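Structure record follows, encoded as structure tokens.
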Amino acid sequence: MALLEIRDVTRRFGDFVAVDGVSLSIGAGEFFTLLGPSGCGKTTLLRMIAGFDQPDAGSIEIDGKNMVGVPPEDRNVHTVFQSYALFPHMTVEQNVSFPLRMSKCPQAELGPRVREALEDVSLLGMEKRYPNELSGGQRQRVALARALINRPKLLLLDEPLAALDAKLKERMQLELITLQKEVGVTFIYVTHDQEEALALSHRIAVMNKGKVEQLDQPATIYGFPKNRFVADFIGECNLLDCTVSAVTDGTMFLDVEQLGRVIATGANGTTADTKGALALRPEKVSIARELPAESCVNRFNGRIFDYLYTGDVTLYIVEVENGRRVEVMLPNNAVGRSSKFFEPGDAVQIGWRDDAGSFLPD
Amino acid sequence: MSPRAQKWVISGPPLGYLLIFFAIPTFIMVLASFRFAGEFGGLAPLVGTGNPDELSGLTFENYQRFFEDAIYLELFLKSFIYATVTTLLCLGVAYPLALMIARSDKRWRELLVLLVILPFWSNFLIRVYAWMIILGPQSGFARAVNGVLGAFGAEPIPLLYSPIAVIIGLVYVHLPFMVLPLYVNLEKHDPALLDAAQDLGAGAWQRFWKVTFPLSLPGVYAGAALVFIPALGIFAIPDILGGTDGILIGNVIKQQFLDARDWPFGSVLSMVLTVLAILFAGLAAWVARHQRI
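Next up, the structure:
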């Protein structure tokens, strides 16, 4: 049985449907992420799981018990808030022991358990500090220790890393993964940052306009997006509008606007004349002055239109002969001072295998 | 303009104001408390004319008189008790009010704050006289109170010209000075803190005593100082509502200056009051600083 069972949950604010018939089943020990742009309903859903908000329809069950109407203080669910919400008038020790004191834990147990919780987040020695004497990363850890000290069934994290700088964010991501493994508590993580979601989660639910667009493991979400929204929202993606001209033995022949004939696999019952888009990740496209013969079934001539140099990789925008622009990513692994391969105006060939992209019917 | 000159241009006027209207009068009062009273009121001259019947120069006589007669210390004690009771009652009434305003919809807050300060638009004395009518023996309020007391078999009590009337007047007049600092403090509280407390298992009562109240202490101290210090020296309310036994130290100071025309002794009482007020303000500031907020 799933630990958290959400069935057909809907929440409206006036005419606006924030969460629209969402059903999710989350197992014990899972690191689950709700990913979506701001306003997609992920935070509203999280607040309903925590108990701060009630669904207009549907049910939320934790451990088989219906939670609708149960106030947050009576749920075995804790939240790490985006602002951390540390109590400014309490020391680290007092903040972390707060849940224990609320549940009338014996005084003698407080000390050792606070020590243990602070050890989990490597904050020993900070007991007497006040929140305003801590760095952003340390506050984050205090919030985690406080939320985990009495081992809730579920830990909800509402964009907890949004306020940290990139370097610290990456370190905290690694620590979160380790911490979750160690304590074995189910994490439900809300973020709009797709890289964060891919790096942390066992499973991701991509949300848009109150609905779950796709629920899968990170690699499936990234590699096989189900629709245009997911393909576009997660990572860089070429979305090539096209029409299926013919299907034979699971192989599709696509007429791509301003590009030409493209061969793609994975027809899955798609029939001719279906309109849709070919989702093609920039790193799946090969680029060279001259591609070796027979290396790719789909191959086009073009010129470098522009590029984005980001250090480790360069994203080249290639304009093919018929006018279509395709993004191609290339690692900057050339040896020497200039690690870039091409300059704008260079004539190049681009190509990809028939199984490189996925066809998304409209 | 040099930064130094800029500093003086900005801080000069307030400094000058404080010097003329606070420092110099205080100095005059300190000096007056060590002088003799003039024969027909006012002060005797500092430098005598040589007439042996004439008092002049400085003396500790006024302070001696203050400490020799217990009645003045008793009056200070009585004023202290009244001011303390007033402060506590104001806190009790103002806290829920300020909390209610701070937690109400943003659109209503300004209007509600305006309603709190609305009484300031009419004259202070008129507002206190209004209480004379409300508390008077023929008023509906007094009859209702005595009706309830009568139902329990108690003797009717006069409301006006009683300590109750003075306390009611003091609380009424000082209430906005408690509400405003509390509101300003409570309004700034991050609602996420209450969410976090609730999320971590705190019920409504625990959320108030563990989060809201400790965080509001600076507002409590500010409000307490703004109520306690003026309530300690007030004379108009006991004058109007207190009757003959209702006088407080402020009334005696007023009497010394206006009726007895004994300026030096009035100055002594004022000095003691000022020193007490500074002590309490200092205490409040010290407590506030040693509380972590």
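Residue numbers (this note's numbering), protein chains in the order written: chain A, 1 to 362; chain B, 363 to 655. Ideal Cβ placement from N, Cα and C applies to all residues, glycine included. Since we're looking at a predicted model, the values are computed, not measured.
Since residue i is in the alpha helix (DSSP H), which residue starts that stretch and which ends it?
i, result
"residue 199 (chain A)", "194 to 200"
"residue 626 (chain B)", "625 to 652"
"residue 656 (chain B)", "Missing from the structure shown is residue 656 (chain B); chain B here goes from 363 to 655 and no further."
"residue 94 (chain A)", "92 to 102"
"residue 617 (chain B)", "611 to 620"
"residue 515 (chain B)", "Looking at the DSSP string, residue 515 (chain B) is not in any alpha helix (DSSP H), and its letter there is neither H nor E."
"residue 446 (chain B)", "432 to 465"
"residue 558 (chain B)", "553 to 561"
"residue 531 (chain B)", "525 to 549"
"residue 73 (chain A)", "That residue, residue 73 (chain A), is in no alpha helix (DSSP H); it is neither H nor E in DSSP."
For the beta strand (DSSP E) holding residue i, just list the boundary residues, first then last.
i, result
"residue 78 (chain A)", "77 to 80"
"residue 242 (chain A)", "238 to 248"
"residue 351 (chain A)", "347 to 352"
"residue 287 (chain A)", "286 to 288"
"residue 263 (chain A)", "260 to 264"
"residue 20 (chain A)", "16 to 26"
"residue 211 (chain A)", "211 to 216"
"residue 157 (chain A)", "154 to 158"
Less than 7 Å between CB atoms is the rule here; does residue i satisfy it with respect to chain B?
i, result
"residue 243 (chain A)", "no"
"residue 172 (chain A)", "no"
"residue 79 (chain A)", "yes"
"residue 72 (chain A)", "yes"
"residue 106 (chain A)", "no"
"residue 152 (chain A)", "no"
"residue 99 (chain A)", "yes"
Does residue i pass the burial test, meaning 16 or more other C-beta atoms within 10 Å, or should it be called exposed?
i, result
"residue 65 (chain A)", "exposed"
"residue 128 (chain A)", "exposed"
"residue 78 (chain A)", "buried"
"residue 536 (chain B)", "buried"
"residue 627 (chain B)", "buried"
"residue 486 (chain B)", "exposed"
"residue 392 (chain B)", "exposed"
"residue 23 (chain A)", "exposed"
"residue 192 (chain A)", "buried"
"residue 413 (chain B)", "exposed"
"residue 466 (chain B)", "exposed"
"residue 102 (chain A)", "buried"
"residue 470 (chain B)", "exposed"
"residue 90 (chain A)", "buried"
"residue 540 (chain B)", "buried"
"residue 439 (chain B)", "exposed"
Does residue i have its Cβ less than 7 Å from a Cβ in chain A?
i, result
"residue 467 (chain B)", "no"
"residue 439 (chain B)", "no"
"residue 577 (chain B)", "yes"
What residues are listed by DSSP as bridge partners for residue i?
i, result
"residue 35 (chain A)", "A:191 and A:206"
"residue 358 (chain A)", "A:279"
"residue 298 (chain A)", "A:352"
"residue 65 (chain A)", "A:62"
"residue 319 (chain A)", "A:303 and A:325"
"residue 363 (chain A)", "A query on residue 363 (chain A) cannot be resolved here, the shown segment of chain A reaching from 1 to 362 and no further."
"residue 7 (chain A)", "A:59"
"residue 505 (chain B)", "Beta-bridge pairing links residue 505 (chain B) to no other residue."
"residue 256 (chain A)", "A:242 and A:260"
"residue 401 (chain B)", "B:403"
"residue 331 (chain A)", "A:313"
"residue 186 (chain A)", "A:154"
What in chain B is Cβ-close to residue i, meaning under 9 Å?
i, result
"residue 146 (chain A)", "558 and 562"
Who are the neighbours of residue i on chain A, taking C-beta pairs under 7 Å?
i, result
"residue 555 (chain B)", "85 and 87"
"residue 573 (chain B)", "87"
Just the chain B side, please: which residues come within less than 8 Å of residue i by C-beta, in chain order?
i, result
"residue 103 (chain A)", "563"
Which residues in chain A sit within 8 Å of residue i, going by Cβ to Cβ distance?
i, result
"residue 568 (chain B)", "102"
At 7 Å on the CB atoms, spell out the chain B contacts of residue i, in chain order.
i, result
"residue 50 (chain A)", "561"
Residue i versus chain A: which residues are under 9 Å apart at the beta carbon?
i, result
"residue 552 (chain B)", "83, 85 and 88"
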